[in-house]
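Taking the working numbering, I'd label the letters of the sequence shown as residues 500 to 908. For glycine and all other residues, C-beta sits at the position ideal for the given N, C-alpha and C. Working notes, structure below.
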Amino acid sequence: MTVESSAARKPRRTAAGKAGTTGGKTGTAGAATGATGTKRTTRSTARKSTDPELVQLLTPEGKRVKNAEYDAYVAGITPEELRGLYRDMVLTRRFDAEATALQRQGELGLWASLLGQEAAQIGSGRATREDDYVFPTYREHGVAWCRGVDPANLLGMFRGVNNGGWDPNSNNFHLYTIVIGSQTLHATGYAMGVAKDGADSAVIAYFGDGASSQGDVAESFTFSAVYNAPVVFFCQNNQWAISEPTERQTRVPLYQRAQGYGFPGVRVDGNDVLACLAVTKWALERARNGEGPTLVEAYTYRMGAHTTSDDPTRYRGDEERLAWEAKDPILRLRRYLEASNHADEGFFAELETESEALGKRVREAVRAMPDPDHFAIFENAYADGHALVDEERAQFAAYQASFADEGGH
500 MTVESSAARK PRRTAAGKAG TTGGKTGTAG AATGATGTKR TTRSTARKST
550 DPELVQLLTP EGKRVKNAEY DAYVAGITPE ELRGLYRDMV LTRRFDAEAT
600 ALQRQGELGL WASLLGQEAA QIGSGRATRE DDYVFPTYRE HGVAWCRGVD
650 PANLLGMFRG VNNGGWDPNS NNFHLYTIVI GSQTLHATGY AMGVAKDGAD
700 SAVIAYFGDG ASSQGDVAES FTFSAVYNAP VVFFCQNNQW AISEPTERQT
750 RVPLYQRAQG YGFPGVRVDG NDVLACLAVT KWALERARNG EGPTLVEAYT
800 YRMGAHTTSD DPTRYRGDEE RLAWEAKDPI LRLRRYLEAS NHADEGFFAE
850 LETESEALGK RVREAVRAMP DPDHFAIFEN AYADGHALVD EERAQFAAYQ
900 ASFADEGGH
């Protein structure tokens, strides 16, 4: 379900007193806020208690707020489409929880959870058109869902049985990228090609707050600006680059970095699916109209660990997580649906049944996958083989054999 805009694109106006003006266009719209005002305590720093200015259409309490610049992009959304956004977030969270459980059970080698980031991914993912091209990182499970990738296909790589279980050209959704930030270069180059072809489509690249410090991202910003590439840079600022807080990454809000490259930046409430939908639609429309790149910073929070190998309790406190739980993106939309009489208990009950069925299907699909080849890592490292690789293979084989019992099983 892609919710198309019901109004023609309007030029972004300049407003005095608003943060993030870029090239004569406002970088943020409206004065609505909704991000955390709680203090964050790390092992060596304390975050200043401030509420950043951002685009917000739904408050954490589920109340609709007006926004002169972005309301038009969701003005035509129907109750059915709102329920669809809610369904997307619920099913994505259920799939994510199942994948986390499968990793804990030894079925997956690793898993990167998106818990808490459902609105940013579903809102932006549903803003794309079929002919747009998406370049994800390794956490965009919600965007993958929007692009029609079967959740079970995402898990082959995390089980170690393939390098990505889908054809990127079948749904314009690139394979997951593990190297931090490199996909922004791929997206920029692809967008430059789209512009040369004269195609009426756009490109969107996803990355995190930590990746924004990578040189690859800076190069992408430079090239996309100079060549006016039709690309949207969608940064999910989930506050933590593994154990490093955002204030260790930048001295200014991330969206303001776009100013130095000459294109607009905007910060959106990343836990507000309507705001993410509206802002991303605006940014993609700019790109399709030949107006160049945009940086969208979705201000959200990583509720769980960076990956299943991480322990977030070592570097952040429970009070921060609890403060963000009150801004839960799914609960926020549910409150709005209930208050607007757009969904009843029958809808939520049916969705719960569908959610459990999805978890069961994914679980069975993963357990039906073959075991990974533990020695595949040593293959194709060198075209003609290498003595050191042979030695490492032998050492690893001996290590594996040490786990066998006396019967050789």
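When you compare each of the options to residue i by their alpha carbons, which one comes out closest?
i	options	result
VAL888	THR806, ALA900, PHE874 and SER901	PHE874
LEU556	VAL725, ASP696, ILE876 and ARG766	ARG766
GLN758	ASP771, CYS775, THR721 and ASN737	THR721
PHE657	ASN727, ASP595 and PRO752	ASP595
LEU590	GLN899, ASP883, VAL861 and ARG866	VAL861
GLY605	PRO667, ASP631, PRO811 and ARG866	ARG866
THR807	VAL554, GLN602, ASP817 and GLU552	GLN602
ASP687	PRO551, PRO650, ASP649 and ALA728	In the sequence as presented, Asp is not what sits at residue 687; that position holds Thr. It is ALA728 whose Cα lies nearest to the Cα of THR687.
PRO763	LEU773, PRO650 and VAL778	VAL778
ALA717	LEU794, ALA782 and ASP649	LEU794
TYR675	LEU654, MET691 and GLY692	LEU654
TRP781	GLU579, GLU617, THR627 and LEU553	THR627
GLU579	LEU836, GLU597 and HIS885	LEU836
MET802	LEU609, GLU597, ALA825 and ALA651	ALA825
Run the CB neighbour count on residue i, radius 10 Å, all protein chains shown included, and call it buried at 16 or more, exposed below.
i	result
ILE621	buried
ARG646	buried
VAL678	exposed
SER901	exposed
ASN566	buried
THR599	buried
ASN879	exposed
LEU821	exposed
LYS695	exposed
SER700	buried
SER669	exposed
THR683	buried
GLN616	buried
SER643	The amino acid at residue 643 is misidentified as Ser; the sequence shows Ala. That one is buried.
ASP631	buried
So for residue i, helix, strand or coil by DSSP?
i	result
GLY624	helix
THR936	Past the edges of the chain, shown from 500 to 908, lies residue 936, and the structure says nothing about it.
LEU557	strand
PRO729	coil
VAL633	strand
GLY709	coil
ALA867	coil
TRP665	coil
PHE720	helix
VAL778	helix
PHE762	coil
ILE703	strand
ALA948	Not covered by the structure: residue 948. The range shown for the chain is 500 to 908.
PHE874	coil
PHE846	helix
PHE902	coil
VAL660	coil
Within a Cβ cutoff of 7 Å, which residues of the same chain sit near residue i, ignoring the five residues on either side of it in sequence?
i	result
VAL660	MET868, PRO869 and PRO871
GLN748	ASP708, GLY709, SER711, SER712 and ALA740
ALA838	GLY561
PHE846	ARG582
THR535	Caution applies to THR535, whose pLDDT of 38 falls short of 50 and renders its modelled position unreliable; the model cannot decide the point.
Who does residue i pair with in a DSSP beta bridge?
i	result
ARG592	Partner(s): none; ARG592 has no beta bridge.
GLY816	Its beta-bridge partners do not exist; DSSP assigns none.
CYS734	PHE706 and GLU796
If you drop the 5 nearest sequence neighbours on each side, which residues of the same chain put their C-beta closer than 6 Å to that of residue i?
i	result
ARG705	The amino acid occupying residue 705 in the given sequence is Tyr; Arg does not appear at that position. Same-chain partners within the cutoff: PRO635, THR636, GLU639 and PHE733.
PHE877	VAL888 and ARG892
PHE895	none
ALA903	none
GLY769	ALA619, ALA797, TYR798 and THR799
ASP587	ILE621
ALA804	PRO811
Can you find a CB in chain C that lies within less than 9 Å of the CB of residue i?
i	result
PRO578	No chain C appears in the structure shown, which is made up of a single protein chain.
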